[in-house]
Each structure stands twice: as C-alpha cells, then as structure tokens.
Amino acid sequence: MMKRRDFLTRGTALLCAAPALAQGPAAETAPRLAAIDWGAAEALIALGIRPVAISDSHYFASRMPFDLPAGIADIGPFWEINLEYLSRLAPDLILAPASALVMTPRIVEIAPVQIIPEEAGTDRLDLAARLAAEMAKIAVLPADAAPRLIEDTRNTIAAHRQRLAGKGAVLVAVPDVSGRLFTVYGRASLPDAVLLRLGLRNAWEGPANANGTFRTGIEPLLEMTDINLLLVEIASMRPRVERALTQSALWQALPAIREGRFGWIEDFYPPGGLLSARHLANVIADRLGAA
Amino acid sequence: MMGRGMARGLLLLVCIGLALQGLWPAIIAPPASDSVAWLILTQSSLPRLAMALLAGFALSLTGEVCQRIFANPLAEPGLLGLSDGASLALSLCLLVAPGLWQAAPGLVAMLGAGAALILVLAIAWGPGLQAQSLLLAGVMVSLCSAAAQALLVLFNHDFLQALLLWQAGSLVQSGWGAGIRMGLQILPVIAALFLMQRPLQLLALGDGAASGLGVDVRAAKLILLGGAAWVTAAVMATLGMIGFIGLAGPALARGLSGRARPGMVQAGIWGGVLLLFADQVARILSGLVGDVPVGAASGLFIGPLLVMLSLRARRLGLPERGVSVAMRPLRRANPVVPWALALAVPVLILAALILGRDEGGLILHGIADLAGVVHWRMPPLLLAGGAGACLSLSGMILQKVLRNPLASPDLLGLGSGAGLAFALALIFLPGDSLISRYLVTGIGAGATLALVAALGLRAGLAPARVLLIGVGIGSSAHAFLVLVLAAGGPKGAALLSWFSGSTGGADLAQAMLPWGVAGLALALVLMLHRWFDLLALDDAIAQGRGLALRPARGLALLLAALTAAAGTIALGPVSFIGLVVPHLAASLGYRATASAALISALIGAALMILAQSLGAMLAWPWPMAPGLICAMICGPWFLWQIRRGAA
Numbered sequence: 000m001m002k003r004r005d006f007l008t009r010g011t012a013l014l015c016a017a018p019a020l021a022q023g024p025a026a027e028t029a030p031r032l033a034a035i036d037w038g039a040a041e042a043l044i045a046l047g048i049r050p051v052a053i054s055d056s057h058y059f060a061s062r063m064p065f066d067l068p069a070g071i072a073d074i075g076p077f078w079e080i081n082l083e084y085l086s087r088l089a090p091d092l093i094l095a096p097a098s099a100l101v102m103t104p105r106i107v108e109i110a111p112v113q114i115i116p117e118e119a120g121t122d123r124l125d126l127a128a129r130l131a132a133e134m135a136k137i138a139v140l141p142a143d144a145a146p147r148l149i150e151d152t153r154n155t156i157a158a159h160r161q162r163l164a165g166k167g168a169v170l171v172a173v174p175d176v177s178g179r180l181f182t183v184y185g186r187a188s189l190p191d192a193v194l195l196r197l198g199l200r201n202a203w204e205g206p207a208n209a210n211g212t213f214r215t216g217i218e219p220l221l222e223m224t225d226i227n228l229l230l231v232e233i234a235s236m237r238p239r240v241e242r243a244l245t246q247s248a249l250w251q252a253l254p255a256i257r258e259g260r261f262g263w264i265e266d267f268y269p270p271g272g273l274l275s276a277r278h279l280a281n282v283i284a285d286r287l288g289a290a
Numbered sequence: 000m001m002g003r004g005m006a007r008g009l010l011l012l013v014c015i016g017l018a019l020q021g022l023w024p025a026i027i028a029p030p031a032s033d034s035v036a037w038l039i040l041t042q043s044s045l046p047r048l049a050m051a052l053l054a055g056f057a058l059s060l061t062g063e064v065c066q067r068i069f070a071n072p073l074a075e076p077g078l079l080g081l082s083d084g085a086s087l088a089l090s091l092c093l094l095v096a097p098g099l100w101q102a103a104p105g106l107v108a109m110l111g112a113g114a115a116l117i118l119v120l121a122i123a124w125g126p127g128l129q130a131q132s133l134l135l136a137g138v139m140v141s142l143c144s145a146a147a148q149a150l151l152v153l154f155n156h157d158f159l160q161a162l163l164l165w166q167a168g169s170l171v172q173s174g175w176g177a178g179i180r181m182g183l184q185i186l187p188v189i190a191a192l193f194l195m196q197r198p199l200q201l202l203a204l205g206d207g208a209a210s211g212l213g214v215d216v217r218a219a220k221l222i223l224l225g226g227a228a229w230v231t232a233a234v235m236a237t238l239g240m241i242g243f244i245g246l247a248g249p250a251l252a253r254g255l256s257g258r259a260r261p262g263m264v265q266a267g268i269w270g271g272v273l274l275l276f277a278d279q280v281a282r283i284l285s286g287l288v289g290d291v292p293v294g295a296a297s298g299l300f301i302g303p304l305l306v307m308l309s310l311r312a313r314r315l316g317l318p319e320r321g322v323s324v325a326m327r328p329l330r331r332a333n334p335v336v337p338w339a340l341a342l343a344v345p346v347l348i349l350a351a352l353i354l355g356r357d358e359g360g361l362i363l364h365g366i367a368d369l370a371g372v373v374h375w376r377m378p379p380l381l382l383a384g385g386a387g388a389c390l391s392l393s394g395m396i397l398q399k400v401l402r403n404p405l406a407s408p409d410l411l412g413l414g415s416g417a418g419l420a421f422a423l424a425l426i427f428l429p430g431d432s433l434i435s436r437y438l439v440t441g442i443g444a445g446a447t448l449a450l451v452a453a454l455g456l457r458a459g460l461a462p463a464r465v466l467l468i469g470v471g472i473g474s475s476a477h478a479f480l481v482l483v484l485a486a487g488g489p490k491g492a493a494l495l496s497w498f499s500g501s502t503g504g505a506d507l508a509q510a511m512l513p514w515g516v517a518g519l520a521l522a523l524v525l526m527l528h529r530w531f532d533l534l535a536l537d538d539a540i541a542q543g544r545g546l547a548l549r550p551a552r553g554l555a556l557l558l559a560a561l562t563a564a565a566g567t568i569a570l571g572p573v574s575f576i577g578l579v580v581p582h583l584a585a586s587l588g589y590r591a592t593a594s595a596a597l598i599s600a601l602i603g604a605a606l607m608i609l610a611q612s613l614g615a616m617l618a619w620p621w622p623m624a625p626g627l628i629c630a631m632i633c634g635p636w637f638l639w640q641i642r643r644g645a646a
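Quick note, the sequences are listed as chains A and B, same order.
Residues in the first sequence are numbered from 0 upward in steps of one, following numbering that gives the first Met the number 0.
Residues in the second sequence are numbered from 0 upward in steps of one, following numbering that gives the first Met the number 0.
Shown next, in the form of structure tokens:
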C-alpha cells in the first residue's frame, strides 16, 4: 500500500496538494484566525493560510492528508475550548460550528465569531468550495485565490476521470473494531460527491442519514459483486480491525476480497473538505487505475 | 396458572416467529451450498441465534446466583466492578501494549475483570464476606475504573467508538469461532455452579442460618462469586456489555413460574429466550435505521421492568434500622474542622487563581494578569464548588432518608435524564436553535424528576420503591443515550465530556445558581434537622414522636432531588461526590443531620474546587473534568476506609 506522502511528492503540478504557505498575504494585513471548526481549518490551510489556533490540532493533523504547518496552537477540544488561552492568543476572528456557542458561549467575549453552517443534504464538494471561497474572503486573499484552489481540485479529479472510465463501482466504508459493522457513505457525503465527479458509481445506494452515513452489517456487502472496496484507516484501530476481519468467514467471502479489489485509505477524514476530496480521488485513481 | 402457561407459550411463540422471519427465505427455498444466501445462513444467522441463547442463558444464570448470594433482587455481577474493570483493561492495553491486545483481547478483558474482582474481594475481605461491604466496594471500584476510562477516552478519541460499541453490546456474528470459544470458556464453570446448588440455597437463608447448617459461608461465597465473575467476563469479552439479562432473566423466570426462587436452569432458559427475543427485534430494526446494538436496545426495557417490580413487589420495605457500612469511625468531632473547611474554600480559590500554566510550564500570575485570570477562571471554579456542595447535600439527605449508605444523587436517574435531553437536542435540533445547555439539561432533569415523583407517589413514597423507580428510569435513559451516541458521530465526544462533568462553558450567573440552591437547601435542612434525624432512625420511633412520615419523607426526597438537579445541570452526573462526601463527614465525626449537612456541603465545595484547579493545569491546554479528578482522589481513599472497616 502506498503511503500518502508519496502522493504528495511524486505527483504532477496538478496533483500537488501541499499548501504553499509562502504565498500567504503579508503578515501585517493578515487577520489572526482561530478555527474551532475543522472544515474552516482545512479550507484555510488549503488556501495557504496558517490559523493561529485549531481546536484539537494534533488529532486534526493525524486525520488530514497533509502535515500541519508549525506554530499552530492547540486550544483544546471543540467541546471545551480553553478560553483563557484563546483570549491570550488574541485572534481577530473565531471560526466555529454552532455547537461551540452552546458548549462555550463565552468565546464571543474574545473576538467576533463566524458560525460555519452545517448544511446537511447538499453536495459536499460544492459545500467545501463555498467554504473555501468564504475563507479566502475572510483571510483577505487576492480574488483569484479560492477559484484557483477550486479549479485545481476540479482539474485533479477530471484528469483521473478519463483514466477511470468504465471502472465500475466503489464502496467507501469505515469498519468498526469488531469487524462486523461498517459505516458506509451514501448520498450527500464527501466520498459520494468525489465518486460522482470521477464518473464512478457509489456502491452504497441504500438509506443514509443527514450526514450521508449509514451503519450496516456485512450482509449487504456480500451481495455487491464487481465493486472495489476502500476501507478508511483509523491508525490506532487498524491492528484490531485487521485481526477481526481476518477471523471473519463472511469477510473472507466478500467478492471484493476474494478477487483482490480491496485497499486501505490512510489519513482520510470523510467529513473533510477540498484537500480531503483530492486525496480520496488520488487514492481511488491509484487503486483502480493500476488494475 | 392458566395465565402463566399462556404467557409462557406466547413468549416462546413470538420468539420462534421472529427467528423464523429471519430464516424464512432459506426455509422455503434452501440455498445452494456455495451461494451467498447459504453463507449468510450458516455464518451469520444461525451463529447469531445460538449466541443469543447461550449468552442469555449464562448471563441470567449468573444473575440468579448473585441475587441469591446477596439476597437482593437487584444484584448482578456488573455491580462488582467486573465490566468496568474489563473495559479499562482493554483501553489501557491498547495504549501500552497493542501487540498483546491484538493477540488476545479476550484474555485482557478477563484479566481486567479478574483484577477488579480481586480488588473488591480484598477490600471487603472479612469474616463472612459481608454483602454490604462487597457491594460498596464493587460500586466504588466500578466508578473508579469508569472515571479512569473516561479520562483515557477523552485523550484518545479513537477509543470513543470502541468504548461506545463495548457499552452497547452486539450479538452480530460472522462465523462460529467466537461462539465456540466462549462456550468452551463458560460451560465447565456453569457445570461447576450447578454442583453448588445446595450451599447456594442455604446462603439465601442468610449468613447465620447457612453457617449454622454447616456451610463455610466465606468459602462458598468466594467460589460462587468467582464462578459468576468468570462467566460474566467471558461473555462480556466476546459481546460487550449486555446488562439487562442478569436482572430481567431471573425476574421473568420468577414471574412465569410463580415461585419466589426459580431454579438456576429455569432462570437461565428464560434469560436465553429473552435475549433471543430482544436481539431479533434489534435485528429487524437494524435493517431500517442502521445497526441497533442489542445490549443498549434491551437496556431500554430495564426501566419499565424495575418500575413494575417496585410497584408490585409486596415486601420491599426499608431496612428496619439504618444499615451502617463498616467503616472505622468514629473520631470525635473536632470543633476546628468546620472553621478549617470554611477557610479552605477561599484559600483554594485563591491558589487556583495564582497558579497557572502556559507554553513554558508552571507560572505564578502577578497583579498584571489578575483581571484576565479572574475573568476566565472564576466562573468554572465557582460552578464546580457550588455543584459539589449541592451534590454532597443531596447525597447526605438521601443516605439519611433511605437509610442506605449506597444512596447517591445519580440513583434518582436525574443525571441520565438530563444527559438524554442534551444528547437529543445536540443531535436532532439544528445547531443554532439550541440556546443554552443549562436550559436543555434543566428541562431533562425536571422532566425526569416529575416522572420519578409521579411514579413514586403511586408507590406511596416508600423510599426503597422510589429508589428502584429512579434507578429504572435512569438506566432506560442511559441505554437510550448510548443508542443515540452510537449513531451520533463526533458529537459523542462532546456529550461524553458533559457526562464526565465539563465546566468550561459557565458564566458567572450560571456559576452562582448552584450556590443559591445549596444555600437554600442547607437552610431548610438546618431548620428541619430533627425530622431528618428521626427519619434516619426507624419508622416506629419517628411516628411515636409525632412525625407525619409521608409528608416529611416527600419533602426530604424533593429537597434531595432539587439539589441533585442543580448539581447535575452544572457538572453532569458526578455520582462520586454525592456518594463519598457524606461518608467523609461521618468519618470526621459529624453524623447528626445538622452538622453533617454543613460539613458535607463544605467538603463537597472544597473538593470540587481543588479538582477543578488541578484539572485546568494537568493536561493544559486541555481540560480534565473535575468530577473525574475527584474520583481519582477520593476513590482510593474511600476504598481504603472500607478496607479498614471490614477487617
């Protein structure tokens, strides 16, 4: 299995996902942004902006397909921001999900709060693009910064699309530690949006909740012939999951396993934004394109 | 008899029907032996049915054994700290020795459960292995390991899913291996338990009678408990927590047989049928709404079951006199203590304001920083202190009125009710329509309180019945909460943090609320302290002195519930402090209601302030919930006290 960093280093200009921090705006004009919302944080970093703080930044870094730029403060978990520390960092604006106002309402005393809306049911890539455009405006970037990022992402995916024509269906799933249940991604999820753009069929056509996910047993997967199975890796869980899966007679009987159309995707955060989408597209292209 | 026969037949019929519903396609058209349908039938459906019957049989049987040992229809192996011990061992092992985890998770869970049991036994070790000491030690060990586990989870997100899964217990199978391994582990032990039937029957007569008839009470209890623990741990290691069956299986067997003590086999068989039924319902629901784990789903029924038990059981009185936990007492009250405690509160607050941490390490704040420090730190400190006072008072009142040293505010179910309301609001309401978590949890606690009170009135406000109702409603709410969490994604972490008692969101007004409630309650208790002293003694004496029992008890319970609600809304259900602090006050020599109330409130406030200030620094910039810190400080001390008393 190829490591994600190989993708980042070997790719063409189009594939280059590593954000170029040097291109950020001049230090004196740049507003100091604190991101409690991970979607906002990912969009900022994709635009080459370094927020002064990200909630739970270490876990953020471990789930994202890029290395976190140095010098970003960890202000605690999103459910209980360290207010005293955040106020000492003196941000100009706080980017937060609505729930932050419920858990720690006093963030409004530190700086103006921009609520990042949770829009369920819409196309996640469009949503990510809108968020990126908004973040570019907030960070006072040149007018072409967001369109360029969005265009890059589109081009990356479009380039893969040609190679992948007629390659069949893909199922993206997160296995649980028992190896018996799978969180699958259906309509209105980021994997679904990426598959759509790649011209591939999302193998999960069953029910899904507002976030586009559904927890299912392994039985429906047995019926899916001719699909490629991609399991999302959560690093600390992988040994347990692999152990459970190798012991499962049903898992061994999956068509995708028997026929070797199976792989892991590392450093992928399914509810993520443009960089996560690009990473997923690269992994899928690598898996299917080689076959 | 007719009715019982019909009930039995009906339940069996429904179970068979549900099982057939799943197997039906395979029955009308037997699949070819190399087809997918055949694979599902032989590797998923059939093992799952077998697992339900086997696990239900084992859990119900061990529940029956425990209920006889403790002569208590609410006892089950989980009360001895086994499940939390196993769960903590799994998490710890994953952190420090992932290789071992990978090789043998079952072994690790068994070791954890075994360690918890040995600890409990070591603490309660004494002549006859007193049921009271065992239960108390079990509850404390279980609370301590749950707190340690919650800390691990908060700092290792990925465990959250595993923990929830564990708590939600699932019977989904993918082959026969797990079931066969579990069967090999438990069947020999179950056979051995059968050989112990006679001493078990004698134990149910009471320790004195049993030893009079020639039973070595301690040895018999030890062997039986060890066996029950082994079986429970093996089932848990395979499936996760399925708590309901150990209580409900024996109860169902009692109801259906009409005998007070059904045989062990009967309890086991009906437990198997019950788990099969619950799991088949969960299976059918899973196809519609995504996986519904049977452990949590069946937990939903605990509430109605306990409420029914409490309303119908004939003999469910209070202990004649207050049961006192064997604890080394009884120091004389030292008059300096109240003053020292009253001074400790402001001193601890001051220390928490001066000491701080930043990127470089520990720092002392000067005058220049003071405004900012006070602005941010004061509300959480005050909130923790006030809530600590509230919960301690609530626990003190409950322990007096219920004459039960194990009573604590969380037994009223308010914490779970508040948590459930919060979970539902967080997950199902659109983000911006939620105004305040205090409002939502307040509504949840209030609704639970109203429900407990209404049912309690029907039960004639008999304390033991009210307690059962509270525990029942609380466990149903908790099961529902686990279900919601299991489906809730990353928001689960936020809820978990509330559950462990996060304080960071408070402003000054919210922080003062619990102080107000604590002050009012304290004033009332001081005014009515004679009532409480009489209620704690015994009914005959209290009535002889002209106390109207029901109104007095009603008022006391209401007071306990209101203080519990105020504390819970602020901190989440920090059961520890309400349970431990009254014992602390007693060990300092303060037992009469008036002085005990004052001392308990002060100790509660001081402890929580200390815990809050430690929690703000230990893992900076991450918060550690003061409730968990408090548990890690008080728990071992409390266990030590029980040990000294039991010896």
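Backbone N, C-alpha and C define an ideal beta-carbon position, used for all residues, glycine too.
Anticipated Cβ contact below 8 angstroms, residue i with residue j, distance rounded
{"i": "A:ALA209", "j": "A:GLY120", "result": "6 angstroms"}
{"i": "A:LEU273", "j": "A:LEU148", "result": "6 angstroms"}
{"i": "A:SER86", "j": "B:GLY371", "result": "7 angstroms"}
{"i": "B:ILE632", "j": "B:ALA610", "result": "7 angstroms"}
Residue i (DSSP reduced to helix, strand or coil)
{"i": "A:ALA280", "result": "helix"}
{"i": "A:ASN201", "result": "strand"}
{"i": "B:TYR589", "result": "coil"}
{"i": "A:THR152", "result": "helix"}
{"i": "A:ALA89", "result": "coil"}
{"i": "A:GLY23", "result": "Bear in mind that a pLDDT of 47 at A:GLY23, under 50, signals an unreliable position, so the model cannot answer this."}
{"i": "A:GLY47", "result": "coil"}
{"i": "B:GLN129", "result": "coil"}
{"i": "A:ASP125", "result": "helix"}
{"i": "A:ILE292", "result": "Absent from the structure is residue 292 of chain A, since the part of chain A shown begins at 0 and ends at 290."}
{"i": "A:ALA34", "result": "strand"}
{"i": "B:LEU17", "result": "helix"}
{"i": "B:LEU315", "result": "Any reading at B:LEU315 must be qualified, since the residue scores a pLDDT of 47, below 50, and its modelled position is unreliable; no value is offered."}
{"i": "A:PHE77", "result": "coil"}
{"i": "B:ASP357", "result": "strand"}
Own chain, CB closer than 8 angstroms to residue i, minus 5 neighbours either side, in chain order
{"i": "B:ALA259", "result": "ARG253"}
Chain-order list of residues whose beta-carbon lies under 7 angstroms from that of residue i (same chain, five-residue window excluded)
{"i": "B:SER43", "result": "GLN172 and SER173"}
{"i": "B:GLU63", "result": "PRO249, MET263 and ALA266"}
{"i": "B:ILE648", "result": "With chain B covering only 0 through 646, there is no way to say anything about residue 648 of chain B."}
{"i": "B:LEU99", "result": "CYS92 and VAL107"}
{"i": "B:PHE479", "result": "LEU299 and LEU419"}
{"i": "B:LEU87", "result": "GLY111, SER144, ALA147 and GLN148"}
{"i": "B:ALA510", "result": "PRO378, LEU381, LEU382 and GLY385"}
Own chain, CB closer than 6 angstroms to residue i, minus 5 neighbours either side, in chain order
{"i": "A:ALA52", "result": "ALA33, ALA72, ILE74 and LEU88"}
{"i": "B:PHE531", "result": "LYS399 and THR592"}
{"i": "B:SER415", "result": "GLY473, ALA476 and HIS477"}
Can we say the segment 84-104 of chain B touches the segment 265-282 of chain B, given the rule of at least three CB pairs closer than 8 angstroms? no
Is the segment 218-226 of chain A close to the segment 152-161 of chain A, with three or more CB pairs under 8 angstroms? no
For the segment 587-605 of chain B and the segment 112-124 of chain B, state whether three or more C-beta atom pairs, one from each stretch, are separated by less than 8 angstroms. no
Touch test, the segment 24-44 of chain B against the segment 99-119 of chain A, Cβ-Cβ under 8 angstroms, three pairs minimum: no
Where in the segment 158-207 of chain A do unbroken runs of the beta strand (DSSP E), each at least 3 residues long, occur, reported from the N-terminal end onward? 168-174 and 180-184
If we count Cβ pairs, one from each stretch, closer than 8 angstroms, do we get three or more for the segment 296-307 of chain B versus the segment 461-478 of chain B? yes
Cβ contact check for the segment 77-85 of chain B and the segment 130-138 of chain B: 3 or more pairs under 8 angstroms: yes
Ordered list of alpha helix (DSSP H) runs contained in the segment 488-572 of chain B, each at least 4 residues: 490-498, 507-526, 528-536, 538-543 and 548-570
Counting pairs of beta carbons, one from the segment 516-523 of chain B and one from the segment 342-356 of chain B, are three or more of them closer than 8 angstroms? no
Spell out a yes or no on whether the segment 435-453 of chain B and the segment 377-395 of chain B are touching, meaning 3 or more CB-CB pairs, one atom from each, closer than 8 angstroms. no
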